[in-house]
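Heads up: the sequence lines are chains A and B, in that order.
Taking my numbering, the leading residue of the first sequence gets 6, the next gets one more, and so forth.
Taking my numbering, the leading residue of the second sequence gets 24, the next gets one more, and so forth.
Ideal Cβ positions, reconstructed from N, Cα and C, are used throughout, including at glycine.
Every value quoted in this text rests on a predicted model; they were computed, and no experiment measured them.
What follows is a single structure, written as structure tokens, with notes after it.
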Amino acid sequence: MKQQFTYWFFFLFISSVHAGNTSQLQLADNSFNENFNSNVPVSGRVIAGLMLEKKGDGDFFINLPAIETDSVCFRVQSKDGTYRSINQYKVDSKSAKGVISPVYPTKYNDTLNSFSSEELAILAFEGKCSDKKLNNVLVSSRGNEEQKQIVIMVSSGRSDVFLSTHKKKGRKNTLKCNRIEQGKRTAYDTICKVGLDSLIAGVNEISVLRRKSGRMLPPVKFNVLYTKS
Amino acid sequence: MSLSSTTKSAVISFKNQTSRFNNFKLIFLLVIVLMVFFVMLWPRDNVYSITGDTEAITIVFSEDAINQWNISGAIYTNGFPDENNKSDLLPEDSYFFPNKDTTARVSIIKALDRSNELLIIFTSSGTSTGYIESPEETIELLDYVEMKLPIEKASLLAFEGETHIGEDVGQGVDKILLSGEVRIIERQLFRDKKYIAGDYLLDSGDRLTLYKDDSLNNHTNMKGFLRVSDKTSFDFTVHGEGEVLMVFRLGSADYQITPSVWSRITKDPIIAAITTILATVFLLMEFLDLLLRFVLKPKDNESE
């Protein structure tokens, strides 16, 4: 009897995990907003993307912690500015938690697959897409594979970029980011890499420091919400 | 009867001769086409020579003795400029020696006293960017170094390495290529001499990178120099052997500058001579053909 109970328990547990993986974040309104043009002047945020380092195959994923708001903005853009999508998703705070895939009915799947991992920036953040300030950013990925680093794509206006993170014991850690030199850099020009092991479960305060023409520009501060899977 | 048979044999002989001549012409034409293809498509060494005026240039240094820059009187910061890394003044006769793959980004900025100064940012991925040798000491540099050099007189900075000229225009970009010209110099067929295969004018805001081949994966190391004067931009001249010069331009698809096949026909003196001779020979053959037809053509009454 005890053994049977154990079997049933595992069956239900595995079923629930599977159900959790297959449920998707739904679009806030039913229209999906994306465009692909040979030349799009991109304007927007300093932070263009925050995602796991390596590109896997298949769907996009968002590492979704228990968040307070009921909406998430999900933005995908290519380095050369040709592809761009920006969509609002609704979050059912009771059921949506963990690594979850947003509904992404793209017409340009082949185009998206042709971009390398550093040529496509994914950004998911809590709140509305129209929000002026970026507050809480979620970790996104293409494919759902285990990885060791996150990359932050920065549109720096060709400044030198440093990333300031808080170490676990409260001290600040400053990392140098790398300027992209290859190809057209319309949407972003710099890539910063941070080890996942340096992130804590919960809220991670990050500052992007930009230095241009020998002077500091105002820092861009935001939080990375991260749950260890 | 005998006259008629003679006429017939003359007609047959004429037809045979004309047919043989036409076959010969066809073969000759084929040979010409093959030769033209050979001379036009045979790979050549191309030297790209780029000159112009820019506000920004990026150099990834190679290992070459030319890469040593006089930085006497520069104020430098070794590492990220904060309370731990203060700026220092370098004495006269100080030189910078980069490590291989160190990136230098050069621009001109306004100093606090509104004079112009040269700003050079040296970066490398995790390793040392190089070292400074001054009369007093040798300073090992970190992976990020900022250097401000007062411009008191015109000076030259010579270099060899992967070179990116200008910045592609985008949000927040304020230093770009102002003007420039690309000259492609190609080696002559069968000779070691060179000729100018094309001149191209660059637009303000273009960004240029030279590649070794069509795959656009391997950069060419270019040799060149910057001439820094009292302007807010600097003159540059760079040369490098390569296949494709990529031009990134705002508002248009990126395009490649390569020597055109047509320029080989019109500008390579050897090819121009070959094509002229072949065209003349072909013209003579046509003329000979017409002449033969006129001379050997059997009279109408003979053929009857």
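Where residue i and residue j are concerned, what is the direct C-alpha to C-alpha distance, given to the nearest angstrom?
i, j, result
"Asp75 of chain A", "Val96 of chain A", "5 Å"
"Leu314 of chain B", "Arg206 of chain B", "48 Å"
"Pro121 of chain B", "Asp111 of chain B", "19 Å"
"Ile155 of chain B", "His262 of chain B", "27 Å"
"Phe51 of chain B", "Asp312 of chain B", "14 Å"
"Val168 of chain B", "Asn101 of chain B", "5 Å"
"Leu231 of chain B", "Tyr94 of chain A", "41 Å"
"Ile188 of chain B", "Leu212 of chain B", "31 Å"
"Ser151 of chain B", "Leu165 of chain B", "5 Å"
"Glu39 of chain A", "Thr111 of chain A", "8 Å"
"Phe79 of chain A", "Phe130 of chain A", "7 Å"
"Thr27 of chain A", "Phe61 of chain B", "Low confidence applies here, because Thr27 of chain A scores a pLDDT of 47, under 50, leaving its location unreliable and the question unanswered by this model."
"His242 of chain B", "Glu185 of chain B", "6 Å"
"Trp92 of chain B", "Ser161 of chain A", "28 Å"
"Ser212 of chain A", "Lys109 of chain B", "22 Å"
"Gly148 of chain A", "Ala126 of chain A", "14 Å"
"Arg316 of chain B", "Val59 of chain B", "29 Å"
"Leu57 of chain B", "Lys48 of chain B", "14 Å"
"Lys102 of chain A", "Ile72 of chain A", "9 Å"
"Asn45 of chain B", "Ile208 of chain B", "41 Å"
"Asp87 of chain B", "Arg250 of chain B", "19 Å"
"Ile185 of chain A", "Gln194 of chain B", "15 Å"
"Asn139 of chain B", "Lys171 of chain B", "10 Å"
Classify residue i as buried or exposed, calling it buried when 16 or more other Cβ atoms lie within 10 Å of its own Cβ.
i, result
"Glu204 of chain B", "exposed"
"Met56 of chain A", "buried"
"Glu90 of chain B", "Reading off the sequence shown, one finds Asn at residue 90 of chain B, where the question assumed Glu. With 16 or more other Cβ atoms within 10 Å, it is buried."
"Lys60 of chain A", "buried"
"Pro107 of chain A", "buried"
"Ala181 of chain B", "exposed"
"Met245 of chain B", "buried"
"Arg176 of chain A", "exposed"
"Asn118 of chain A", "exposed"
"Asn209 of chain A", "buried"
"Tyr278 of chain B", "exposed"
"Leu268 of chain B", "buried"
"Lys138 of chain A", "exposed"
"Lys153 of chain A", "exposed"
"Glu159 of chain B", "exposed"
"Lys176 of chain B", "exposed"
"Gly149 of chain B", "exposed"
"Asn42 of chain A", "exposed"
What residues match up with residue i in a beta bridge as DSSP calls it?
i, result
"Gln211 of chain B", "According to DSSP, which records beta bridges pairwise, Gln211 of chain B is partnered with nothing at all."
"Ala302 of chain B", "Note: Ala302 of chain B sits in no beta bridge, so no partner."
"Asp258 of chain B", "B:Asp76, B:Arg250"
"Gln154 of chain A", "A:Gly200"
Just to confirm before moving on: does the CB-CB distance between residue i and residue j stay below 8 Å?
i, j, result
"Thr170 of chain A", "Asn68 of chain A", "no"
"Ile144 of chain B", "Phe259 of chain B", "no"
"Arg210 of chain B", "Ile293 of chain B", "no"
"Ile157 of chain A", "Ile91 of chain A", "no"
"Val229 of chain A", "Leu201 of chain A", "no"
"Asp197 of chain B", "Leu273 of chain B", "no"
"Cys134 of chain A", "Val159 of chain A", "no"
"Ser95 of chain B", "Asp116 of chain B", "yes"
"Ser227 of chain B", "Leu201 of chain B", "yes"
"Ile132 of chain B", "Gly63 of chain A", "no"
"Gly221 of chain B", "Pro282 of chain B", "yes"
"Glu266 of chain B", "Asp237 of chain B", "yes"
"Ile288 of chain B", "Tyr223 of chain B", "no"
"Ala134 of chain B", "Phe84 of chain B", "no"
"Val166 of chain A", "Leu214 of chain A", "yes"
"Lys84 of chain A", "Ala192 of chain A", "yes"
"Glu151 of chain A", "Ile196 of chain A", "no"
"Lys189 of chain A", "Phe257 of chain B", "no"
"Val199 of chain A", "Leu222 of chain A", "no"
"Leu180 of chain A", "Val77 of chain A", "no"
"Ile162 of chain B", "Glu78 of chain B", "no"
"Asn140 of chain A", "Phe227 of chain A", "yes"
"Ser157 of chain B", "Pro114 of chain B", "yes"
"Ser145 of chain A", "Phe37 of chain A", "no"
For a contact defined as C-beta to C-beta under 9 Å, what are the partners of residue i on chain D?
i, result
"Ser218 of chain A", "Among the chains of the structure shown, chain D does not appear; the protein chains present are A and B."
Could you name the residues of the stretch 155-174 of chain B whose beta carbon sits closer than 8 Å to any beta carbon of chain A, in the order they occur along the chain? Asp166, Tyr167, Glu169, Lys171
Which of the residues in the stretch 174-190 of chain A, read from start to end, lie with their CB under 9 Å from any CB of chain B? Thr179, Lys181, Asn183, Arg184, Glu186, Gln187, Gly188, Lys189, Arg190
Mind checking the stretch 147-171 of chain A against chain B and listing, in chain order, the residues whose C-beta falls within less than 9 Å of any C-beta there? Ser160, Ser161, Gly162, Arg163, Ser164, Asp165, Phe167
Give me the subset of the stretch 75-86 of chain B whose CB atoms are less than 8 Å from a CB atom of chain A, sorted by chain position. Ala79, Thr81, Val83
Short of 9 Å Cβ to Cβ, which residues in the stretch 219-241 of chain B face chain A? Arg230, Thr232, Leu239
Can you pull out the residues from the stretch 176-196 of chain B whose beta carbon lies closer than 7 Å to at least one beta carbon of chain A? His187, Glu190, Asp191, Gly193, Gln194, Gly195, Val196
Listed in chain order, which residues of the stretch 242-266 of chain B have Cβ atoms closer than 7 Å to some Cβ of chain A? none
Residues within the stretch 37-70 of chain B neighbouring chain A, beta-carbon criterion of under 8 Å: none
Scan the stretch 93-124 of chain B for residues whose Cβ lies nearer than 8 Å to a Cβ of chain A and list them as they occur along the chain. Phe103, Pro104, Asp105
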